[in-house]
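Data block below; observations after.
Chains as they are written, first to last, in my numbering: chain A, 1 to 491; chain B, 1001 to 1307.
Rendered as structure tokens:
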């Protein structure tokens, strides 16, 4: 059913009028048919059009390396649900319902996505179990440690979790609306803090959208340096995650070293651009500063040292029988459920899914130097840890090639003005998984709509499913193995 | 001098020593862990500072708590101190010499546990209830191991009074007892691999989660009681394994102190090198401790018959 949607390569722009337009029921059924053939739903959102709403569907056809786009005719009121057939649409449909009131008929659990109260202003109804042995544990939104707010409802039978329901939205700050209202110079800081630990990932997606709209590309050297920054972000966070996993099972050696080495990777990002999280450096059309001469040599040396450190810390982790006993067969998520939920990133690859934007929809330096998706089939905490370790290896190889082949040339091209009435999509494989940005310009070339899909948006249900029939005491460990973002989800 | 003055003075002196020195043991453990992890770590006296700080703080009472919330920690602290006074600290039987005090010792520790668990259940928090349930589930197994170990010691020493049963320690079963009692020490004091005293994750905590609603001086009492219990088990382990009977009281006390500090270092090393167990595997390790102590008991019984 790919004939009913525009097929593009990532990142790409298309005139709004050229996006295939269908009655809303057809859009739902045709999207369902495409998902049936193995496509993934990257975004499903509403664009206000007078009193009506236009639904936009963005799908990834990984095998064909293409992105499909379609939209509905302006619509108001109920519509058939996509979730009834494809659970991966569940959060998207709840979001559209919450924002525009388009009720998906047949959605199995149409509760608020980001609102803290129900539709009638009362408390949200949670799923609950009956029975003498069943007890309910409510955690958050205020936690015992300094972490982001989220609410977790466990239906337990003794120490066993029968169902976990996750209610988010406490970090909702209206980022997408703020983006549209912000003066141009204020948009970059907004984008770079959509998820504070993924500044480069979201920044790259934003740059990709603008470059696709403007019909230009960043110069080669900038493309390579961007890939270096994106991989540093991955290294820092994967290393931090391995340390945090070790810390959760009270395994001190790896925890101590990884905490330090994560800082080394962040400092390398600071050496590149002056900010440990890579802020204020990316721009549409390139990057603002170069990495050359002594700073480049210094970077290569420090990168080697940090990679050696994290490898030895990882070796301790895998050599410890007591750690393996905790990681193995804990929080198992089957590949089938991962596919149904449309999981992305390391969480999906740990359940045997090969999806990786760097390999499936490469652009920039990744189009010239392929990266292989790192996969484990077991789906448990051990697998999610193993995928991170493998990705650190793969990134290490990639960066060795990348830094050795840095092309010469300018860093920042002349940015073009945005064309009127165009839609652009950019996919980036951030360290957590696929980041999808969709930008739509209006009649005067101004931003009309901007949609962000953080990988956490798709992955949170994966955590809830992984907890089924697990010990409640293993929740923090499972949670850490996914390490999802609250603010990236809540926007 | 009046006849009763001397034992009273001696008991008071030992109570003060227990109270004053106990917070050193967690300090030694933390320092060891920090050293192995390549950190400088908190000062050895950190717990003293913490206690002083908590003592000056105001108490925040849960609006749904009953007097049990305060009574629990108080009962637990007094019970643990009572148990400490039963343990002899030098060769001169300088513990309260009661017949069968080993049994009283076990019951005092159980009373302390009851106090802490009851205070935890008092606020009706789901977390604290879970923590209390876990604490008493561990206790079911660790108490058996402890009682078996004490039985082995009393068979060996020919007395059920803690003041006398260590007289001839260092028997054949010592190696077995050392292993068994060390595991009991880790379990009773909620150390890795049974619990993680450093975690802030309320769903996995055991001991820490039970005290979430306590603050100020009551929390200080709980923390001090925990360090006291750790010190008791360290001393008990040393007394059970190291023969101190032939030395002068001063040497014996010095050796005991050094060895107890060594136990702290040992706990720090064990905590640094292994991960925490999943809850479902805890019974396995505690049963192992029980078996070690049981074999120690069998060795003593059989050894006695051969003698």
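Beta carbons: idealized from backbone N, C-alpha and C, even for Gly.
Proximity test, Cβ basis, 7 Å: residue i and chain B
i, result
"residue 149(A)", "no"
"residue 145(A)", "yes"
"residue 351(A)", "no"
"residue 283(A)", "no"
"residue 137(A)", "yes"
"residue 323(A)", "yes"
"residue 476(A)", "yes"
"residue 166(A)", "no"
"residue 468(A)", "no"
"residue 69(A)", "no"
"residue 250(A)", "yes"
"residue 312(A)", "no"
"residue 326(A)", "yes"
"residue 339(A)", "no"
"residue 2(A)", "Residue placement at residue 2(A) is poorly supported in this model, since its pLDDT is 46, which falls under 50; the coordinates are not used for a value here."
"residue 471(A)", "yes"
"residue 319(A)", "no"
Short CB-CB distance (under 7 Å) between residue i and chain A
i, result
"residue 1226(B)", "no"
"residue 1308(B)", "Because chain B is modelled from 1001 through 1307, residue 1308(B) falls outside the range shown and cannot be assessed."
"residue 1285(B)", "no"
"residue 1272(B)", "yes"
"residue 1201(B)", "yes"
"residue 1097(B)", "no"
"residue 1276(B)", "yes"
"residue 1032(B)", "no"
"residue 1105(B)", "no"
"residue 1120(B)", "no"
"residue 1182(B)", "no"
"residue 1288(B)", "no"
"residue 1123(B)", "no"
"residue 1213(B)", "no"
"residue 1192(B)", "yes"
"residue 1295(B)", "no"
"residue 1148(B)", "no"
Reduced DSSP category for residue i - H, G, I as helix; E, B as strand; rest coil
i, result
"residue 1107(B)", "helix"
"residue 221(A)", "helix"
"residue 49(A)", "strand"
"residue 446(A)", "coil"
"residue 250(A)", "coil"
"residue 391(A)", "helix"
"residue 1113(B)", "helix"
"residue 286(A)", "strand"
"residue 1098(B)", "coil"
"residue 21(A)", "strand"
"residue 488(A)", "helix"
"residue 291(A)", "coil"
Cβ-based neighbour list, residue i, same chain, cut-off 7 Å, excluding 5 preceding and 5 following
i, result
"residue 1132(B)", "1117, 1120, 1121, 1210"
"residue 1058(B)", "1216"
"residue 1(A)", "Only weak support is given to the placement of residue 1(A): the predicted model assigns it a pLDDT of 42, under 50, and the value that follows is read from those uncertain coordinates. Same-chain partners within the cutoff: 30, 33, 34."
"residue 97(A)", "103, 104, 110"
"residue 473(A)", "159"
"residue 1218(B)", "1059, 1070, 1073"
"residue 454(A)", "194, 195, 435, 485, 488, 489"
Residues near residue i by beta carbon distance below 6 Å, same chain, minus five either side
i, result
"residue 430(A)", "198, 201"
"residue 39(A)", "59, 61"
"residue 270(A)", "276"
"residue 1296(B)", "1152, 1173, 1176, 1177"
"residue 329(A)", "380"
Residue i beta carbon near the ligand MN (any heavy atom closer than 6 Å)
i, result
"residue 429(A)", "The ligand MN is not part of the structure shown, which contains no ligands of any sort."
Close Cβ partners of residue i (< 8 Å) along its chain, the five nearest in sequence each way excluded
i, result
"residue 1087(B)", "1095, 1105, 1162, 1232, 1235, 1236, 1239"
"residue 387(A)", "346, 349, 350, 374, 375, 376"
My parser needs the beta strand (DSSP E) runs of 3 or more residues fully inside the stretch 405-438 of chain A; what are they? 422-429
So within the stretch 305-376 of chain A, which uninterrupted alpha helix (DSSP H) runs reach at least 4 residues, ignoring any that extend past its ends? Scanning the stretch 305-376 of chain A from its first residue to its last, the whole alpha helix (DSSP H) runs of 4-plus residues come out as 321-327, 335-340, 345-349, 357-360, 365-368.
Within the stretch 68-111 of chain A, ranges of the alpha helix (DSSP H) (whole runs, at least 4 residues): You should have 90-100.
Ignoring anything shorter than 3 residues or poking outside the stretch 1116-1151 of chain B, list the beta strand (DSSP E) runs there in chain order. The qualifying runs do not exist here; there are none.
Only counting runs of 3 or more residues, tell me where the beta strand (DSSP E) segments fall wholly within the stretch 108-193 of chain A, in order along the chain. 134-139, 151-157, 160-167
Using a Cβ distance threshold of 8 Å, determine whether the stretch 242-260 of chain A contacts the stretch 221-228 of chain A, with at least three qualifying pairs required. no
For the stretch 1039-1065 of chain B, which segments carrying the alpha helix (DSSP H) assignment without a break, of at least 4 residues, lie completely within its bounds, in sequence order? 1046-1056
Taking 8 Å as the threshold, find out whether the stretch 315-329 of chain A comes into contact with the stretch 277-284 of chain A through three or more Cβ pairs. no
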